[in-house]
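Accompanying notes for the structure given below.
Below is the structure:
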């Protein structure tokens with residue numbers, strides 16, 4: 021860890037909602053830095069071939085090199101990690117950590133780690149992805165011991181389009197993933213702008229809503245040992261109290 025505040029490099033594919041991270045950083049104050057490094061996205065499409073391309077070891081290694089001196093790294097892409105499966109996502113992060121010489125993780129792993137931290141094992145998933153990609157996330161969660169009682173895909177092909185969605189569409193998509201048995205709702209796309217709506221999302225649905233950028237930042241803090249207790253960032257960060 022650096023002598024000043026720790027820096028966690030956020031490796032982010034393309035350009036959609038990377039501006040969430042400076043906003044998170046402002047809420048975190050002087051506790052951590054979250055510098056964003058853009059990784060190669062040859063084709064912006066939520067299709068398996070493209071997702072596997074985004075998460076290639078050499079692409080992430082190049083991103084780590086561009087990030088420079090950091091204390092940890094988060095591959096801030098859900099679909100570009102869970103598409104490799106449970107074992108593959110762990111191998112992806114392990115290779116990134118070995119290359120960079122610092123702890124590393126990914127958004128997919130962050131979802132599971134955050135759910136375990138909260139004691140949640142039953143969820144609903146509302147994904148912007150096509151149904152077949154959403155089902156890969158469900159399978160990934162199952163391998164991590166998380167039961168998905170509702171999975172909804174919204175068939176949005178590009179991350180760029182998701183990045184244009186505002187509050188109303190965000191709330192609509194979140195609510196569509198709810199189920200009476202779900203303890204939380206997951207929104208697994210890092211192209212969603214969510215940092216300014218986390219408490220309101222939880223209140224709107226009436227239970228924790230975990231978003232991809234939110235869990236990525238939570239995971240970043242976990243990697244460097246900073247307690248994740250901040251107002252305004254949802255139940256995961258100790259905010260909204262879910263209804264019984």
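Residue numbers (this note's numbering): 21 to 264.
All residues carry an ideal CB built from backbone N, CA and C; glycine is no exception.
Exposure of residue i, with buried meaning 16 or more beta-carbon neighbours within 10 Å
i	result
residue 254	buried
residue 205	buried
residue 118	exposed
residue 202	buried
residue 249	exposed
residue 57	buried
residue 123	buried
residue 174	buried
residue 101	buried
residue 216	exposed
residue 192	exposed
Residue i versus residue j - alpha carbon distance
i	j	result
residue 247	residue 172	32 Å
residue 156	residue 36	22 Å
residue 38	residue 200	33 Å
residue 154	residue 24	40 Å
residue 257	residue 63	34 Å
residue 152	residue 103	11 Å
residue 140	residue 229	12 Å
residue 26	residue 244	7 Å
residue 60	residue 231	23 Å
residue 111	residue 90	21 Å
residue 148	residue 161	17 Å
Which residues DSSP lists as bridging residue i, in chain order
i	result
residue 143	168, 204
residue 32	58
residue 126	95
residue 229	205
residue 173	147
residue 27	53
Proximity to residue i [Cα-Cα], best of the options
i	options	result
residue 66	180, 221, 48, 108	180
residue 227	218, 34, 234, 159	218
residue 133	121, 191, 236, 258	236
residue 233	71, 82, 97	97
residue 210	185, 241, 197, 198	185
residue 34	28, 70, 26	70
residue 240	112, 82, 68, 131	131
residue 213	121, 42, 88, 162	42
residue 167	30, 208, 135, 251	135
residue 121	238, 29, 221, 224	29
residue 265	170, 207, 86	There is simply no residue 265 to check, as the chain begins at 21 and stops at 264 in what is shown.
> Is the region 36–53 close to the region 72–80, with three or more CB pairs under 8 Å?
Replying inline: no
> Below 8 Å, can you find three or more Cβ-Cβ pairs linking the region 121–130 to the region 84–102?
Replying inline: yes
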